[in-house]
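In terms of this note's numbering, the sequence shown is residues 12 to 217. Virtual Cβ for every residue (Gly too), placed ideally from N, Cα, C. Have a look at the structure below before the remarks.
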Amino acid sequence: MKLLGRNSVTWHLTLLFAAVSMAVLLLLGLLIASLVENHFVELDKELLDGKLELVRHSVQSAQSAEQLAALPAQLDAALVGHHGLGVAIWQADGTLLYSRDTVSFPEALHRAHAAPFSWHSPDGRHFRGLSGTAESGNPAAQTLIVALATDLVHHEHFMASFKTALWQAVGLAAVVCGLLGWAVARRGLSPLRAISRNASGITAKH
12 MKLLGRNSVT WHLTLLFAAV SMAVLLLLGL LIASLVENHF VELDKELLDG
62 KLELVRHSVQ SAQSAEQLAA LPAQLDAALV GHHGLGVAIW QADGTLLYSR
112 DTVSFPEALH RAHAAPFSWH SPDGRHFRGL SGTAESGNPA AQTLIVALAT
162 DLVHHEHFMA SFKTALWQAV GLAAVVCGLL GWAVARRGLS PLRAISRNAS
212 GITAKH
């Protein structure tokens, strides 16, 4: 019974140390995952803002109806290599002037200005997009609505791998902390055990 009691104190301290360590590591892991996710959001916003400026520059350079008609070919050439980027341009009356990557833009992005947000397309793809306006430079100047979106599949794959590795590291660290806590508790209780053994030998005569 004495041995059980001693081990019980050691294991209680070990479990307490492991629980506290696990809670701290879990909160740290959640914080890191949130920071990485927010970093990706900022990168997406920066990418979309940059491409919106590129489209605006191309639209403003169209000084005639013929140049405006040639805008799709110009944009295709300017956006070569930007995989997963969707672009759509509508005239003020809703007529589609240009479309790239056949992205299914939600109705909210058909407005002149829409803040960045994410959505899932009917085919299950995940996008983040925004919209703005561009002024054509031809004599019959008109305001065009530009919507852009970037595919988040690469971000999702990275975050899935990152979170798996992160939680594995947290679990391993918790086990190591638990073992260290057990060693510290066992070592710390050694003097108390020695006192207990000595005290058990004390009698009224000795």
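Run of the beta strand (DSSP E) containing residue i, from where it starts to where it stops
| i | result |
| --- | --- |
| D87 | Not the beta strand (DSSP E): D87 falls in the alpha helix (DSSP H), residues L82 to A89. |
| F138 | H137 to E146 |
| V114 | Unbroken run through V114: none, as it is neither H nor E. |
| G95 | No beta strand (DSSP E) holds G95; DSSP gives it neither H nor E. |
| A160 | T154 to D162 |
Option in the options with minimal Cα separation from residue i
| i | options | result |
| --- | --- | --- |
| A126 | T106, H50, L59 and L86 | L59 |
| A80 | G61, I100 and E64 | I100 |
| H174 | G40, P117, T25 and A34 | It is Lys, not His, that sits at residue 174 in the sequence shown. Considering only alpha carbons, the answer is G40. |
| L181 | I43, A158, T25 and H23 | Here residue 181 is Val; the residue named in the question, Leu, does not match the sequence. Cα-wise, what sits closest to V181 is I43. |
Beta-carbon proximity of residue i to residue j, cut-off 7 Å
| i | j | result |
| --- | --- | --- |
| T154 | D55 | no |
| A73 | G148 | yes |
| C188 | S45 | no |
| V35 | A145 | no |
| S132 | S115 | yes |
Presumed contact (8 Å Cβ cut-off) between residue i and residue j, rounded CB distance
| i | j | result |
| --- | --- | --- |
| V98 | Y109 | 7 Å |
| G192 | F28 | 3 Å |
| A185 | I156 | At roughly 52 Å, the Cβ-Cβ gap does not stay under 8 Å, so A185 and I156 are not in contact. |
| H137 | L96 | That pair is no contact at about 14 Å. |
| L120 | A84 | Not really, about 23 Å apart at Cβ, beyond 8 Å. |
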